[in-house]
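To keep things clear, I will list the structure first and then write my remarks on it.
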């Protein structure tokens, strides 16, 4: 079972790292070609996801190696890096959503508002917040579990109070903001499309517009896929966290 889990994690880590490195290379080319500063947020998302893949490689080595029980602080720091990378990935998704929201809400002022300095400040702030979230148990020992001769894992080293705090302060606000931004983008886009149709109907612009129902359904499907992927990606961890908080003895890993 341990070898099977290690093999699965190894495949996932390889795919995560390879895919995001390729995406990062493509984005660097696009940024150089288009000069769009907003693409740096997507590039940051690729970097954060690649870091998540690198942190998974540590779990892979654990599964294939002999039982290893590191010192408490080593395990805390290691899981802090895992948490920080994951937090940076989620926050990057939010920044991408904010950037797209700004682009569609103020299209004529977008390039004046999204400058290199502002992008840099937001990215630095993102990584500072991610580091604070991940390394909070290092600064607050009460968020740590005292585990002796146990495998180094997230639920073995972090107290349920920390997991609860992360969900209430970080995950749920991020989820609600993510849903709000993309639903608002859908609303603004629908208004823009309606205005275009009114102009076309008045005969100022030629051409036959697509069916409103069809285009609206496509937009709704896109938003539903984005929100659904975000939610489903974190649902297993959310369920595992609830099980761990309600019944610590029931958790198998």
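Residue numbers (our numbering): 661 to 913. Virtual Cβ for every residue (Gly too), placed ideally from N, Cα, C. Treat the numbers as computed from the prediction; the structure is a model and nothing was measured.
- CA-CA distance, residue 774 to residue 897, rounds to 34 Å.
- For the set 703, 677 and 678, the Cα lying nearest the Cα of residue 688 is the one of 703.
- The region 669-732 contains, as complete alpha helix (DSSP H) runs of 4+ residues, the segments 699-724 (chain order).
- For residue 836, the secondary structure class from DSSP, reduced to helix, strand or coil, is helix.
- With distances taken between CA atoms, residue 806 lies nearest to 818 out of 818, 843 and 891.
- Between residue 745 and residue 708, the gap from beta carbon to beta carbon is short of 8 Å.
- In the three-state reduction of the DSSP assignment, residue 799 falls in the helix class, which pools H, G and I.
- Annotation: the continuous alpha helix (DSSP H) that includes residue 821 extends over 820-826.
- Per the coordinates, the alpha-carbon of residue 684 lies some 21 Å from the alpha-carbon of residue 778.
- Measuring C-alpha to C-alpha distances from residue 820 to each of 737, 906 and 750 identifies 906 as the nearest.
- When the five nearest sequence neighbours on each side are left out, the beta carbons in the same chain lying within less than 7 Å of the beta carbon of residue 740 are those of 794, 795, 797 and 798, in order along the chain.
- Under the DSSP assignment, residue 831 falls outside any alpha helix (DSSP H); it carries neither an H nor an E label.
- By a beta-carbon distance limit of 8 Å, residue 755 contacts residue 786. Their separation comes to about 6 Å.
- The beta carbon of residue 750 sits closer than 6 Å to the beta carbons of 834 from its chain, once the five residues preceding and following it are set aside; these are given in chain order.
- In the DSSP assignment, residue 817 falls within the unbroken alpha helix (DSSP H) covering 814-817.
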